[in-house]
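Input: a single structure, listed below in structure tokens.
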Amino acid sequence: MAKASIIACNGLRQNLIGAARIRAFDGAVDPVRAKGLLTALELLRADAARGAPLDFELLRGWQQHVLGAPQPPSFRTSPGTSTSASG
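Numbering (our numbering) for the sequence shown: 148 to 234.
The following block contains the structure:
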């Protein structure tokens with residue numbers, strides 16, 4: 148039943164993009180995830196506005212908020228394997 152609700156919610160809001168879509172769809176499904184996505188989107192926009200070069204550190208910073216992690220995630224070197232950012 149939950150799956151049908153998600154599909155219906157998605158179908159009703161196909162024209163929404165960006166923050167509005169996150170609030171409408173992800174906010175209805177998982178408010179905590181939506182908060183992280185919105186934070187990452189705000190950071191992404193601020194970084195773009197200041198002309199920050201796109202690099203792995205920037206991506207890791209955004210991904211930290213998407214995942215709701217206490218620190219930026221480490222890099223994966225192969226499926227299921229990760230290393231620290233410094234090595």
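The beta carbon of each residue, even a glycine, is placed where N, CA and C say it ideally should be.
Every value quoted in this text rests on a predicted model; they were computed, and no experiment measured them.
Rounded C-alpha distance that separates residue i from residue j
{"i": "A195", "j": "L205", "result": "11 Å"}
{"i": "T224", "j": "L185", "result": "28 Å"}
{"i": "G227", "j": "R192", "result": "30 Å"}
Neighbourhood of residue i by C-beta, 8 Å cutoff - its chain only, sequence neighbours within 5 removed
{"i": "G183", "result": "H212, V213, L214, G215"}
{"i": "L190", "result": "G208, W209, H212"}
{"i": "P219", "result": "E204, R207, G208, Q210, Q211, A232"}
{"i": "G165", "result": "L188"}
{"i": "V179", "result": "G215"}
{"i": "G174", "result": "A181"}
Backbone secondary structure at residue i - three-state DSSP
{"i": "R180", "result": "helix"}
{"i": "R197", "result": "coil"}
Contacts around residue i, its chain only, beta-carbon distance under 7 Å, and the 5 residues preceding and following it disregarded
{"i": "A199", "result": "L205"}
{"i": "L163", "result": "A171"}
Residue i classed as buried or exposed, judged by whether at least 16 other C-beta atoms fall within 10 angstroms
{"i": "F172", "result": "buried"}
{"i": "A181", "result": "buried"}
Residues of its chain near residue i, where Cβ-Cβ distance is below 6 Å and the 5 sequence neighbours each way are ignored
{"i": "P217", "result": "none"}
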